[in-house]
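For reference, the structure discussed in these notes is given below.
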Amino acid sequence: MALVLLALFGLCLFVGFIELGNWQVRRLAWKRDLIAHVDQRVHAPPVAPPAPAQWPQVNAERDEYRHVSVTGEFLHDRQTLIWAASDTGSGYFVLTPLRMADGSIVLVNRGFAPEGWCGRDNRCAAGPSGQVTVTGLLRMSEPSGLFRRNDPAHNSWYTRDVPAIAAARGLSRVAPYFIDQDAVPGASAQDWPKGGTTVINFPNNHLSYLITWYLMALLTLVAGAYVGYDEYRLRQASKRT
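Every position in the sequence shown, counted from 1, becomes a number in the numbering used here once 105 is added.
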């Protein structure tokens, strides 16, 4: 009876490991397809972003990292500084509302600026005025997290949480996404903020995972065969004695 239970347990393990391996095969195909689609979007010519009528249908799978172009006027008096870190040190992303011709607003991450960019009196350098055209990557809102919790009351921001920032700045008709602005051609090393800082990195460990699960299935099969052979050998030996 114990041997039967052990065999059933081994069978369950074997089937479970195979299913986990098959799941990782599907995940690997999905991740490769996602990376290919994102790469295609990033390097495509800029297009118009989703209009207000399309905002309820905007989602990460279909729209994030789309290369877009918008025209409007920056509202510098309502910009928000998001604490961030880069290879050059600590600083912040400069998130500035852009009001378009129809009155709707999209938040634009104009790029990274070092911590001392606004000076001791917290006055930041003046940005582009009048009508400007911005190209960049469409990004989805980043909710406040457990370890990066925004504090609107103290104007302390760690994520680009579009609804929370819009509420704190008294903005209405705001797109549910923001735009990571491209690098400005011809900008000097002293020009801040610097656009084109989007980091696109999709960890893809599914191949190693599927190999691990299939190896576990194989080891379970080998262990079962060893136990079965050992039991057979012991019974044969008991018959001879």
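We put the beta carbon where it would ideally sit given N, CA and C, even for glycine.
Check                                                                                                                : Outcome
The region 188–196 / the region 207–215 touching (three or more Cβ pairs under 8 Å)                                  : no
Residue 147 to residue 253 span [Cα, whole Å]                                                                        : 27 Å
Contact check, residue 296 vs residue 240, beta carbons under 7 Å                                                    : no
Through-space distance from residue 316 to residue 282, alpha-carbon basis                                           : 38 Å
Opposing strand residues paired with residue 204 [DSSP bridges]                                                      : 178, 210
Range of the contiguous alpha helix (DSSP H) that encloses residue 267                                               : 267–273
DSSP state of residue 337 mapped onto helix, strand, coil                                                            : helix
Which listed residue (182, 244, 206, 270) has its alpha carbon closest to that of residue 255                        : 270
Whether residue 171 touches residue 202 by CB criterion (7 Å)                                                        : no
Own chain partners of residue 236 with C-beta closer than 8 Å, once the 5 adjacent residues on each side are dropped : 176, 177, 178
When 196, 132, 154 are compared against residue 262, the one with the closest alpha-carbon                           : 196
Where residue 324 sits in the DSSP three-state scheme                                                                : helix
Contact the region 152–160 vs the region 116–135: 3+ CB pairs below 8 Å                                              : no
Residue closest to residue 273, alpha-carbon to alpha-carbon, out of 205, 311, 322, 185                              : 185
Cβ neighbour criterion (16 or more within 10 Å) applied to residue 206                                               : exposed
Proximity winner among 220, 169, 116, 222, relative to residue 244 (alpha-carbon distances)                          : 169
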